[in-house]
Amino acid sequence: MAKKKIKITFAFTIISGLLIWLTLSGFEGEMQYSIGIKEVKAMGEAAFDQGLRVKGFLVPGTLQRSQNSLEVNFVIEDAGQEMAVRYAKVLPDTFKDGAEVLVVGKYQREGYFDAQILMAKCPSKYETGQEYDIKNYDPSQHIDELEGTN
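All residue numbers in the sequence shown are consecutive under my numbering, ending with 140.
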């Protein structure tokens, strides 16, 4: 009876360990955080030809589209540093001048980032360019607007 318990415990331990290992190894690639352009350039030779996730903002006016393919070239900026990016797939709808972007790919020795994945952050629809004084708000000032919605 004791040998049977030992065998069951041993099998359970092996299976549990295997499941934990499979789970952690599956997430290994997903756990890579994004880095800024400054960090990429500080890596020197180590930055070339390895998979990286780089964040930045699309520099307005730098988007150049190819006439014959999906390829686009643009520049991203982060903390005063700029990086040229090449991407050859369909652009997301949220990809606009000034958009926050995350590019996943490889930094090339030629000085540009060859992106295989591009994600553009959707700007908040609720951000406004002005501040409001909530403490002194008088809803009666807007009664005409509210009555017109019925």
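Ideal Cβ placement from N, Cα and C applies to all residues, glycine included.
Is residue i helix, strand or coil when you go by DSSP?
i, result
"LYS86", "coil"
"LYS79", "coil"
"ASN58", "coil"
By alpha-carbon positions, which one of the options ends up nearest to residue i?
i, options, result
"GLY51", "ALA69, ALA74 and PRO82", "ALA74"
"ILE25", "ILE107, CYS112, GLY101 and VAL93", "VAL93"
"LEU141", "ASN58, GLY101 and LEU53", "Nothing can be reported for residue 141: it is not among the residues displayed for the chain, which extend from -9 to 140."
"TYR23", "ALA36, LEU8 and LEU42", "LEU42"
"TYR97", "LYS45, VAL49, TRP11 and ILE(-4)", "LYS45"
"TYR102", "ILE4, VAL65 and THR3", "VAL65"
"GLU100", "LYS79, ASP39, ASP128 and SER59", "ASP39"
List the DSSP bridge partners of residue i.
i, result
"ASP144", "Nothing about residue 144 can be reported from this structure: the residues present for the chain run from -9 to 140 only."
"ALA110", "VAL91"
"ALA105", "TYR77 and GLY95"
"GLY46", "VAL91"
"ASN126", "In DSSP, ASN126 forms no bridge with anything."
"GLY41", "LYS96"
"ILE25", "VAL44"
Using 7 Å as the threshold, is the C-beta distance between residue i and residue j below it?
i, j, result
"LYS28", "GLN71", "yes"
"PHE47", "GLU61", "no"
"VAL91", "ALA69", "no"
"ALA37", "TYR77", "no"
* To do: Taking 8 Å as the threshold, find out whether the stretch 82 to 89 comes into contact with the stretch 27 to 44 through three or more Cβ pairs.
  => Segments in contact, no.
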